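Chemist: The structure follows.
Numbering (our numbering), first residue to last: 8 to 302.
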């Protein structure tokens with residue numbers, strides 16, 4: 008059984024109001040992060056330019072969905088910049104999220120492409136707007152995620168909810184309540200290390216994804232493949248990381264083998280895809296915050 012983690016100390020609030028255009032920029036950066044994650048090809052099992060493990064999704068649908076989420080994520084940022092952290096903000100973020108989900112479903116003709124990503128990036132955008140820093144953003148998001156949405160009604164559980172209840176996985180909410188550790192402490196450092204080593208941006212993003220897949224308790228994988236599917240993907244990606252990543256000959260051979268297994272058994276690490284998008288968003292967001300401070 009999972010337990011609610013200890014919450015980090017409340018982050019310091021911003022001292023100056025957020026300029027409206029910065030909220031829009033944060034929404035655009037979040038949408039671009041989703042686009043970059045979707046376009047990364049190849050990705051074991053995940054939807055990419057070749058297809059993927061989802062019969063109802065393709066790259067074009069993911070790109071359209073990403074674009075549709077720019078506005079609701081910007082609204083999350085705007086709300087957090089003007090509303091104190093507390094139940095009122097949680098209710099407001101929840102309402103924005105539900106409207107954003109309907110916007111996504113309208114764009115995708117009912118396909119759930121990015122519900123988990125909207126949750127993660129909406130919280131992080133709120134944290135960035137409220138605190139003005141990536142460290143503050145993760146603490147702010149963790150505290151916000153620990154609050155119940157007062158307007159949320161019991162309904163049909165999502166696939167992630169079903170996997171969380173069946174296997175005791177913490178899921179997307181648990182990841183948020185811990186301040187997005189996989190995005191901040193695994194994917195983002197891997198991105199930075201690969202770039203520092205002179206590897207291409209494509210390899211850096213691929214290896215960041217693989218590092219996340221090797222450790223994340225991915226409820227999308229649990230839903231599709233159960234514990235055995237999760238174990239297969241985690242062990243396979245861990246072996247690639249140990250082999251030096253996807254840019255080495257041994258790592259590439261292992262990558263291709265895992266990709267074939269994921270495609271054959273319809274295994275998709277959707278949660279890890281969201282982690283990569285969150286890491287890419289956190290990687291780009293400081294530029295928007297720096298530009299705001301320069302005005």
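Every residue gets a Cβ at the ideal spot worked out from N, C-alpha and C, and that includes glycine. None of the values given here were measured: they were computed from a predicted structure.
1) Leaving aside the five residues before and after residue 127 along the sequence, list all residues of the same chain whose C-beta is less than 6 Å from its C-beta, in chain order.
2) By Cβ distance below 7 Å, which residues in the same chain neighbour residue 159 in space, the five residues on each side in sequence not counted?
3) Counting only runs of 4+ residues fully inside the stretch 63-137, write out the alpha helix (DSSP H) ranges in chain order.
4) Once the 5 residues before and after residue 2 are set aside, which same chain residues still bring their CB inside 6 Å of it?
5) Looking at residue 225 and residue 252, is the spacing between their C-beta atoms short of 9 Å?
6) Which residues in the same chain as residue 295 place their Cβ atom closer than 7 Å to its Cβ, once the five residues preceding and following it in sequence are excluded?
7) With a cut-off of 8 Å, do at least 3 Cβ pairs link the stretch 108-118 to the stretch 87-95?
8) Would you check if there are 3 or more beta carbon pairs closer than 8 Å linking the stretch 226-233 to the stretch 261-279?
9) Whose C-beta lies closer than 7 Å to the C-beta of residue 72 among residues of the same chain, with five residues either side of it excluded?
10) Closest by CA to residue 293, which one among 74, 143, 156, 258?
11) Determine the DSSP secondary structure at residue 28, reduced to helix, strand or coil.
12) Could you pull out every residue in the same chain whose Cβ sits closer than 6 Å to the Cβ of residue 51, ignoring the five residues on either side in sequence?
13) In three-state DSSP terms, what is residue 58?
14) Would you identify the three-state DSSP class for residue 176, choosing helix, strand or coil?
15) Looking only at C-alpha atoms, which of 173, 157, 199, 152 sits nearest to residue 179?
16) Under the three-state reduction of DSSP, which class applies to residue 303: helix, strand or coil?
17) Rounded to whole angstroms, what's the CA-CA distance from residue 193 to residue 232? Just pull it up for me.
18) From which residue to which residue does the alpha helix (DSSP H) around residue 148 run?
19) Excluding the 5 residues preceding and the 5 following residue 287 in the sequence, name in chain order all residues of the same chain whose CB lies nearer than 7 Å to its CB.
20) Would you mind listing the alpha helix (DSSP H) stretches within the stretch 232-297 that are 4+ residues and don't spill past its ends, in chain order?
21) Using 8 Å for Cβ pairs, my map puts residue 149 next to residue 183. What's the rounded Cβ distance?
22) What does the alpha-carbon distance come out to for the pair residue 103 and residue 244?
23) In chain order, what residues of the same chain have a beta carbon less than 8 Å from the beta carbon of residue 188, not counting five sequence neighbours either side?
Modeler: With the structure as the only source:
1) 281, 285
2) 101
3) 66-75, 77-89, 94-115
4) What the structure shows of the chain is the stretch from 8 to 302, and residue 2 is not part of that stretch, so it cannot be assessed.
5) no
6) 29, 32, 33, 36
7) no
8) yes
9) 111, 114, 115, 120, 121
10) 143
11) helix
12) 265, 266, 269
13) strand
14) coil
15) 152
16) Shown here, the chain extends from 8 to 302; a query on residue 303 therefore has no answer.
17) 24 Å
18) 141-152
19) 40, 43, 44
20) 256-272
21) 7 Å
22) 35 Å
23) 182
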